[in-house]
Amino acid sequence: MKILFKTLFLSLIFFTAGHNLSAQEYSSAVGLRLGYPLSASYKTFISDNSALEGYVGFRSFGFGNWISIHGAYQVHNPINGVDGLQWYYGGGLGIFIWSYDFDTSFASTSFGLQGYLGLDYKFPNTPISITLDWVPTFFIGNININSFGGDYGALGVRYVFAE
């Protein structure tokens, strides 16, 4: 497992080192991710084309709920012909704290290795950005041992702090 993480980390460094495109349309933003899970989000650019995003989410369903905390590294690239529109990809980690109500109540924790693929649009002359992404997640943990969730993602609406 350590070799996998080292390989992914080194690949990410080498892959992103060659990107000199200027895709950044804003420096940071805060808002909501409306999807699976419903989340409060903060995104900040650390270079012209790379950003860090953190969000805290909540999901409720018929027999329980979960709270999650996520962190992601994303690489943004402009889409030619549409000012303010970018596509992005990246990876991240999440921790999920599950609470179940079956015959007896119990809690569990799992971790998620996440991929990111999405679109980010910053409206001109207004401090609003929207995103739409897909976040496939591979779960590792007590209840969801080695399971895959391909239906995660969200529509994000954020207030842009600075351009």
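Just so we're aligned: the sequence shown equals residues 1 to 163 in this note's numbering.
Ideal Cβ placement from N, Cα and C applies to all residues, glycine included.
For clarity, every value in this text was computed on a predicted model and none was experimentally measured.
Less than 8 Å between the beta carbons of residue i and residue j, yes or no?
i, j, result
"leucine 85", "leucine 119", "yes"
"serine 108", "glycine 141", "yes"
"phenylalanine 139", "serine 147", "yes"
Name, in chain order, the residues that DSSP records as bridge partners for residue i.
i, result
"isoleucine 130", "Tyr121, Val157"
"tyrosine 88", "His76, Gly118"
How would you write the range of the beta strand (DSSP E) that residue i sits in, first residue to last?
i, result
"isoleucine 79", "Element bounds for isoleucine 79: n/a, residue is neither H nor E."
"glycine 141", "137-141"
"tyrosine 55", "50-61"
"glycine 150", "Looking at the DSSP string, glycine 150 is not in any beta strand (DSSP E), and its letter there is neither H nor E."
Measuring only the C-alpha atoms, how far is residue i from residue j?
i, j, result
"glycine 35", "tyrosine 152", "8 Å"
"leucine 38", "serine 68", "10 Å"
"glycine 166", "asparagine 65", "Since the first residue shown for the chain is 1 and the last is 163, residue 166 is missing from the structure and cannot be characterised."
"tryptophan 98", "tyrosine 88", "29 Å"
"threonine 137", "glycine 149", "5 Å"
"serine 41", "glycine 57", "9 Å"
"alanine 51", "threonine 126", "20 Å"
Within its chain, find whatever has a CB closer than 6 Å to the CB of residue i; leave out the 5 residues flanking it on each side and keep chain order.
i, result
"valine 135", "Gln114, Tyr116, Tyr152, Gly153"
"alanine 72", "Glu53, Gly90, Gly92, Tyr116"
Give me, in chain order, the residues of the same chain whose beta-carbon lies closer than 7 Å to that of residue i; leave out the 5 immediate sequence neighbours on both sides.
i, result
"alanine 29", "Lys43, Ser129, Arg158, Tyr159, Val160, Phe161"
"isoleucine 79", "Leu85, Gln86, Trp87"
Note down, in chain order, each residue of its chain lying with its Cβ closer than 8 Å to the Cβ of residue i, except the 5 sequence neighbours on either side.
i, result
"glycine 94", "Ser68, Ile69, His70, Gly71, Phe111, Gly112, Gln114, Thr137"
"leucine 32", "Leu38, Ser39, Ala40, Ser41, Gly156, Val157, Arg158"
"proline 124", "Asp83, Gly84"
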